[in-house]
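Student:
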Amino acid sequence: MSEAGSGWSDERVELLKKLWSEGLSASQIATAMGGVTRNAVIGKVHRLGLSGRAKSPSGGAQKPRKSVSVATPRGVATNARATASIPLVQGNTALAAVAVAAERPVETPAPAAVAAVATSPAIAAPESQRVTIMELRENMCRWPMGDPTTADFCFCGNRTTPGIPYCTFHSRIAYQPPERRRDRRSN
DNA sequence: CCCTGATTCGC
DNA sequence: GCGAATCAGG
Numbered sequence: 001m002s003e004a005g006s007g008w009s010d011e012r013v014e015l016l017k018k019l020w021s022e023g024l025s026a027s028q029i030a031t032a033m034g035g036v037t038r039n040a041v042i043g044k045v046h047r048l049g050l051s052g053r054a055k056s057p058s059g060g061a062q063k064p065r066k067s068v069s070v071a072t073p074r075g076v077a078t079n080a081r082a083t084a085s086i087p088l089v090q091g092n093t094a095l096a097a098v099a100v101a102a103e104r105p106v107e108t109p110a111p112a113a114v115a116a117v118a119t120s121p122a123i124a125a126p127e128s129q130r131v132t133i134m135e136l137r138e139n140m141c142r143w144p145m146g147d148p149t150t151a152d153f154c155f156c157g158n159r160t161t162p163g164i165p166y167c168t169f170h171s172r173i174a175y176q177p178p179e180r181r182r183d184r185r186s187n
């Protein structure tokens, strides 16, 4: 059973706490852990009593809506968590990558398919952004590059269409129909 | 447009 | 308890 998908197991909560305390954004954590959305992460974070941590790099504080019939004295915040020294993003990349690899083995596309496209003179590979898991956004191509077990592991990072985890180029490689090698003269 | 977190509320 | 929807801001 490694059904990872939903449900906050102890390990998952620990990972969440760790990544959150290290300064990763909710969406980054969500994509890193997989199976959950940033909303889920945020919801869990707040439920755990976290939040606040340090200053958000972006997305400043919000107001509790307009006329909130506040009946809930949510005085949680103000966690005595000193700002301390937040490690730079570069230092965490390896950790996050490992975490991802541990939780969700990267789906390695068929090497044959890769080679086929790579050697196709008609298809030109776009310049990949080569982003790390930290810089990966929801709409960035998650095509793995490099070895997941080493620090040079990163992703394509090109723009994707909503709902598709890859850019147009890598989508062709990833979603190659089983029956579509030859007889493609109607192109 | 992209992103961020916060909060509410139905399940 | 969970997370989508919504909100509010950068």
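Under full-length UniProt numbering, the first residue of the first sequence carries the number 1, and numbering increases by one thereafter.
Every residue, glycine too, gets a C-beta built ideally from N, C-alpha and C.
(1) Among the candidates H170, G52 and T132, whose CA atom is the shortest distance from the CA of G23?
(2) Starting from D10, follow the alpha helix (DSSP H) in both directions and report where the run begins and ends.
(3) Taking all protein chains shown into account, do 16 or more other C-beta atoms lie within 10 angstroms of the C-beta of Y175, making it buried, or fewer, making it exposed?
(4) What did DSSP end up calling T78 once you bin it into helix, strand or coil?
(5) Which residues does DSSP list as the beta-bridge partners of M140?
(6) So what's V131 in DSSP terms, helix, strand or just coil?
(7) Take G34 as the anchor and find which of W8, H170, I173 and S21 has the nearest alpha-carbon.
(8) Near D147, which residues of its chain fall below 7 Å by C-beta distance, leaving aside the five closest residues on each side in sequence?
(9) So, T37 versus L136, is the Cβ gap smaller than 8 Å?
Tutor: Well, looking at it:
(1) Out of H170, G52 and T132, G52 has the C-alpha closest to the C-alpha of G23.
(2) D10 to S21
(3) exposed
(4) Interpretation of T78 is limited by its pLDDT of 36, a score under 50 that renders its predicted location unreliable; the figure taken from the coordinates is listed afterwards. Coil at T78, not helix or strand.
(5) The bridge partners DSSP lists for M140 are R159.
(6) strand
(7) Per the Cα distances, W8.
(8) F153
(9) Judged by beta-carbon spacing, L136 lies beyond the 8 Å limit of T37, meaning their Cβ atoms are not closer than that value.
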